[in-house]
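Protein chains in written order, with the UniProt record's numbering: chain A, 1 to 210; chain B, 1 to 210.
A virtual CB, placed ideally from N, CA and C, is assigned to each residue, including glycine.
Here is the structure we will look at, set down as structure tokens.
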DNA sequence: GTCTATACGAGGATAGAC
DNA sequence: GTCTATCCTCGTATAGAC
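Following this line, the structure appears as structure tokens:
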């Protein structure tokens, strides 16, 4: 029964998101699961390892998506598609993203070894979005487009009463506007988007609580 | 001689930004200033008080700007102006904003009492930007426009070799694009922007270190 | 204003019994 | 797998001398 491990992860994620990583003690997490601190160490060798196992799916998803995306041709259609896929993945990991926003520092510290890879991936995607031989502003726009999607999601508290559907389409449009992509051509353009799967299965995250 | 107090604040800000608030110990800060932990307590009654005094200027600036902005008519020109002023203020407090991004959680925790006021201000500005009787998407766009400016600034590490000027104009344009504001009418429109001072004097922040 | 010394508590982590 | 007990380190904060 792997159940306890999962319970721990879920409890930790919830507490981390609500209170922050540093502030949350292992005792709190253990209490919530109904075990003791020591038992927790049976399942995870350290607090950092716990955090890693929580954030890992998002990192993996991002790296995978990044690799797929940069292989595509840099057409407006594909860019729009890439942003959509990115948005989709982020929404799938909503709780984790919130944590990342809250405690960017702590999370990055834990991923210090891996972080260069991630940064590299982000850079690649940014360059891909910016187009060939991008100017400074081109690169800024590319980065803002990416950030748009990430940040606005964590602003749930500032945007209640907004449907997920509105959020999804509006964010995509906003990112496209920033990139100055032409609006999607009304008709069918053959198949503008090829093989890339729309998004990984993606765990539901611990979403809730909003 | 208020010098020590300022030295402490500067050292603390730098360390907080680089390592994070929770992780940075008072001993480190004291060491850097060349005094002891105990002396530090003579100047600031607690670590939280220190953080407060660091972040306070930004909060104040934001509240002040918010109050001024929501009193303006909701024309495209004024919205553009408001975003510009907002951008200006954020750039003026660059280091603090970076800290806020890094440790949003910790900072918010410290400002828990005040935080409702701030949230309220943000909400007001968001509504002002969204226009009268805004739809869901209108409100999302307003929020994204605000976030655009804030976030992209912290992405300095992902956008080296970009001039501050490019950053400034591109971010403003991006925010306007998100809001679907028409491009600024080429000619002079009388005085589209009235009394509002372009931005508070604004401390230079401890910028550096990038 | 700044120091030395110290109280106090909390948190991460380990050892070893059940 | 889970517990009790314990270690060690570190951070906040205070007392009191210089």
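In chain order, 69, 70, 74 place their CB closer than 7 Å to the CB of residue 128/A, counting only its own chain and leaving out the 5 sequence neighbours on each side.
Sequence-distant Cβ neighbours of residue 138/B in its own chain, meaning closer than 8 Å and more than five residues away, are 130, 131. Across the set 145/B, 166/B, 167/B, 17/B, the C-alpha of 145/B shows the shortest separation from the C-alpha of residue 83/B. Taking the CA atoms as reference points, residue 20/A sits about 42 Å from residue 184/B.
Within the same chain, 26 come within 7 Å of residue 47/B by CB-CB distance, once the 5 residues on both sides are set aside.
Taking 8 Å as the threshold, the shortest C-beta distance from residue 90/A to chain B does not fall below it. The segment 22-36 of chain B makes contact with the segment 3-10 of chain B, as at least three CB pairs between them are under 8 Å. Interface criterion not met: the Cβ of residue 156/B is under 8 Å from no Cβ in chain A. Excluding five sequence positions before and after residue 53/B, the CB atoms of its chain that fall closer than 8 Å to its own CB belong to 9, 44, given in chain order. Every alpha helix (DSSP H) of 4 residues or more that sits fully in the UniProt domain "HTH tetR-type" (2-62) of chain A is shown, in chain order, as 3-19, 26-33, 37-43.
Under the Cβ criterion of 8 Å, residue 121/A is not counted among the residues facing chain B. Residue burial is scored here from C-beta neighbours: residue 66/B has at least 16 other C-beta atoms within 10 angstroms and is therefore classed as buried. For secondary structure counted as the alpha helix (DSSP H) over 4 or more consecutive residues, the segment 137-187 of chain A holds these complete runs in sequence order: 164-179. By the Cβ neighbour-count rule, residue 2/A is exposed, with fewer than 16 other Cβ atoms within 10 Å of its own. Counting every other CB atom within 10 Å of its CB across the protein chains shown gives residue 120/A a total below 16, marking it as exposed. In the structure shown, the three-state DSSP call for residue 126/A is helix.
Rounded to the nearest angstrom, the gap between the Cα atoms of residue 18/A and residue 55/A is 15 Å. Residue-level contact by beta carbon fails for residue 164/B and chain A, as no gap is shorter than 8 Å. With a cutoff of 8 Å on beta-carbon distance, residue 101/A and residue 142/B are scored as not near each other.
Rounded to the nearest angstrom, the gap between the Cα atoms of residue 174/B and residue 24/B is 35 Å. For residue 77/A, the enclosing alpha helix (DSSP H) starts and ends at 76-92. Just measuring C-alpha positions, the residue of 153/A, 22/A, 148/A sitting nearest residue 109/A is 22/A. At a cut-off of 8 Å, the C-beta of residue 69/A has no neighbouring C-beta in chain B. Short of 8 Å from the beta carbon of residue 107/A, and not among the five residues preceding or following it, lie these beta carbons of its own chain, in chain order: 21, 51, 55, 99, 100.
Interface residue (Cβ-Cβ distance to chain B less than 8 Å): residue 48/A is not classified as such. By the neighbour-count criterion, in which 16 or more other beta carbons inside 10 Å mark a residue as buried, residue 60/A falls on the exposed side. Using a CB distance cut-off of 8 Å, residue 116/A does not count as an interface residue toward chain B.
For the segment 126-154 of chain B, the set of positions with a beta-carbon nearer than 7 Å to some beta-carbon of chain A reads 126, 136, 137, 139, 140, 141, 143, 144, 147, 148, 151, 152 in chain order. The beta carbons of residue 153/A and residue 94/A sit closer together than 8 Å.
Here residue 116/B has no same chain residue with a Cβ atom under 7 Å from its own Cβ, once five neighbours each way along the sequence are excluded. In the three-state DSSP reduction, residue 99/A falls in the helix class (H, G or I). Neighbours of residue 63/A across chain B, judged by C-beta separation under 8 Å, do not exist; the nearest C-beta is about 16 Å away. Residue environment: residue 147/A is assigned as buried (16 or more neighbouring CB atoms within 10 Å of its CB, all protein chains considered). Judged by beta-carbon spacing, residue 140/A lies within the 8 Å limit of residue 170/B, meaning their Cβ atoms are closer than that value. Among the residues of chain A, those whose CB is under 7 Å from the CB of residue 105/B are 20, 102, 103, following chain order. The C-alpha of residue 39/A is placed about 49 Å away from the C-alpha of residue 176/A.
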